[in-house]
Amino acid sequence: MDIFRLFIISLMPVLKVLLVLIAGLILATQRFDLLGCDARRHLNKMVFYVFYPALIGCSLADTMTLEGLADLWFLPVNVLITCVIGSILGWILVIVTKPPRHLWGLVISCTSAANLGNMLLIILPALCKEKNNPFGEVASTCSANGKAYASLSLAIQIIYIWSVLYFLLRMYANNEVKESNSNNSIIVAANGCTRDVLHDPVGLPQIQNDGNQKVSTTVKFKQLFMKIMRSESLRKIFAPATIAAIVGFLIGIATPIRKTFIGDSAPLHVIYSAAELIGNAGIPSVTLIVGANLLKGLSGSGVRPSVIIGILIIRNIFLPVSGIGVIKAAKHLSLVDENSFYLFTLLIQYAIPPAMNIGTISQMLGSGESEFSMIMLWNYILAIFTLTFWIGFYMWLVI
Numbered sequence: 033m034d035i036f037r038l039f040i041i042s043l044m045p046v047l048k049v050l051l052v053l054i055a056g057l058i059l060a061t062q063r064f065d066l067l068g069c070d071a072r073r074h075l076n077k078m079v080f081y082v083f084y085p086a087l088i089g090c091s092l093a094d095t096m097t098l099e100g101l102a103d104l105w106f107l108p109v110n111v112l113i114t115c116v117i118g119s120i121l122g123w124i125l126v127i128v129t130k131p132p133r134h135l136w137g138l139v140i141s142c143t144s145a146a147n148l149g150n151m152l153l154i155i156l157p158a159l160c161k162e163k164n165n166p167f168g169e170v171a172s173t174c175s176a177n178g179k180a181y182a183s184l185s186l187a188i189q190i191i192y193i194w195s196v197l198y199f200l201l202r203m204y205a206n207n208e209v210k211e212s213n214s215n216n217s218i219i220v221a222a223n224g225c226t227r228d229v230l231h232d233p234v235g236l237p238q239i240q241n242d243g244n245q246k247v248s249t250t251v252k253f254k255q256l257f258m259k260i261m262r263s264e265s266l267r268k269i270f271a272p273a274t275i276a277a278i279v280g281f282l283i284g285i286a287t288p289i290r291k292t293f294i295g296d297s298a299p300l301h302v303i304y305s306a307a308e309l310i311g312n313a314g315i316p317s318v319t320l321i322v323g324a325n326l327l328k329g330l331s332g333s334g335v336r337p338s339v340i341i342g343i344l345i346i347r348n349i350f351l352p353v354s355g356i357g358v359i360k361a362a363k364h365l366s367l368v369d370e371n372s373f374y375l376f377t378l379l380i381q382y383a384i385p386p387a388m389n390i391g392t393i394s395q396m397l398g399s400g401e402s403e404f405s406m407i408m409l410w411n412y413i414l415a416i417f418t419l420t421f422w423i424g425f426y427m428w429l430v431i
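Convert by adding 32 to the 1-based position in the sequence shown; the result is the number in the working numbering.
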């Protein structure tokens, strides 16, 4: 495969993201006003409650089988390793650069979570369809494996984002809250947009006891259990994306249920197809919202150049280099096989730009939307060159 063709393959996913970002920016301008503050907030709710749960549920149901879990067990582990390494580097970055405290969670999230959805779904099949396929697999088999790798990576990444990074972002976003109205139903953020208290931290309710009557231990335990079950904090642990992941995983590994939904001849295949169609709206919706938030970021954002440069260095140099060490160690310990395409997928997970889902959470919390958009813009501009380099280097390394 010549260097020009390799450049075009790696350029396409980055260019598509940049074009959608620009479309979102244009739709948010005063001339069109289709992605204003309220529109972005409502679209984010659709992503949170509908689009991403459908996407992750279908991805896991389609790709997760007992056999596949045994063969690909290191892939989700590798995703989590990238997140841990990125988080550590992100903590170091915020300590060194000292950005505003409400942006700490955003900086750490941008260094730890990668856009493993549409990037891998574009890059891996594109490499497989090349005439001079360097991985030695039939194009159809290679593309199917690529979709499985990308879908599983996406599912694990979304679970991590909505179960770990969501709480991290929400914790630091509270520093930017200015005021709340008397009934606590709406919170006013520093950027002027309103956000629902549904997405804000709520402590566990306390058991009330006026001291005039004795309450048995059993009754106290029952009251505590019921209040915990109804608490907002527990509801956030079981976010829609997490529930969808559990359902998709169960459908995938339970063969009788899988045969009912998955496959062209499955009796309930139409339900799976409808859910998949809905889920496909998730990634473009988030990308449009991030582009719309650029409108404010271009006029001035609260993130300093040193922070952006630090994120760029971590995502484009430190993480890709650390990935080489991790995969070489895994091979030495016989944790992964010698399949070149599988090894390439594990490596490329370290070189992907930050995840778009972070923008969804920032929009919901009303904190860091414009800053995240600026970070994403610079990451994807630089990725035109760095992603091309790492794709070529990783292919040379595994073949």
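The beta carbon of each residue, even a glycine, is placed where N, CA and C say it ideally should be.
Return the CA-CA distance between residue 370 and residue 48, expressed in angstroms with no decimal places. 32 Å
I'd like the list of long-range same chain contacts for residue 379, defined as Cβ closer than 6 Å, with 5 residues on each side in sequence excluded. 355, 359, 426
How is residue 386 classed by DSSP in three states: helix, strand or coil? strand
Distance check for residue 46 and residue 155, CA to CA, integer angstroms please. 10 Å
What number of angstroms, rounded off, separates the C-alpha of residue 159 from the C-alpha of residue 41? 7 Å
Does the Cβ of residue 395 have 16 or more other Cβ atoms within 10 Å, making it buried, or fewer, making it exposed? buried
Assuming residue 76 is part of the alpha helix (DSSP H), what are its boundary residues? 69-78
Between which two residues does the alpha helix (DSSP H) containing residue 113 stretch? 106-129
Backbone CA spacing between residue 81 and residue 166 [nearest angstrom]: 40 Å
Which of the three DSSP states is assigned to residue 286 in this structure? coil
Around the C-beta of residue 236, are 16 or more other C-beta atoms found within 10 angstroms, so that it is buried, or is it exposed? Residue confidence is low: residue 236 scores 36 on pLDDT, short of 50, so the model does not pin down where it sits. No coordinate-derived value is stated.
Take the Cβ of residue 381 as the centre, count every other Cβ of all protein chains shown within 10 Å, and call the residue buried at 16 or more, exposed below. buried
Classify residue 146 as helix, strand or coil using the three-state DSSP reduction. strand
Can you look up residue 370 in the DSSP assignment and give me helix, strand or coil? coil
What are the start and end residues of the alpha helix (DSSP H) that includes residue 426? 401-430
For residue 52, which residues in the same chain have their Cβ closer than 7 Å to its Cβ, ignoring the five residues on either side in sequence? 316, 319, 320, 323
Starting from residue 364, follow the alpha helix (DSSP H) in both directions and report where the run begins and ends. 351-364
Under DSSP, the alpha helix (DSSP H) around residue 206 begins and ends at which residues? First-last for residue 206: undefined, no H or E at that position.
Buried versus exposed, by CB contacts within 10 Å (16 or more), residue 94: buried
Please tell me whether residue 15 and residue 311 are closer than 8 Å, where the distance is taken between their beta carbons. As shown, the chain starts at 33 and ends at 431. That puts residue 15 outside it, with no answer to give.
Helix, strand or coil for residue 45, going by three-state DSSP, please let me know. helix
What's the C-alpha gap between residue 148 and residue 100? 19 Å
Would you say residue 91 and residue 186 are within 8 Å of each other, going by their C-beta atoms? yes
Status (buried if at least 16 other CB within 10 Å, exposed otherwise) for residue 210: For residue 210, the predicted structure reports a pLDDT of 43, less than 50, and the residue's modelled location is therefore unreliable. A value from the coordinates is still provided. By the neighbour-count rule (16 or more Cβ atoms within 10 Å), residue 210 is not buried but exposed.
Alpha carbon to alpha carbon, how far is residue 174 from residue 231? Give it in angstroms, no decimals. Below a pLDDT of 50, predicted positions are generally treated as unreliable, and residue 231, at 42, falls in that range; the measurement from the model is reported next regardless. Each residue's Cα considered, the two are about 41 Å apart.
Run the CB neighbour count on residue 172, radius 10 Å, all protein chains shown included, and call it buried at 16 or more, exposed below. exposed
Using the Cα positions of residue 205 and residue 119, report the straight-line distance between them to the nearest angstrom. 17 Å
If we count the other Cβ atoms within 10 Å of its Cβ and call it buried at 16 or more, is residue 388 buried or exposed? buried
Which two residues bound the contiguous alpha helix (DSSP H) that contains residue 299? Unbroken run through residue 299: none, as it is neither H nor E.
From residue 374 to residue 296, what distance separates their C-alpha atoms? 27 Å
Going by beta-carbon coordinates alone, are residue 44 and residue 284 separated by less than 8 Å? no
As assigned by DSSP and simplified to three states, the class of residue 394: helix
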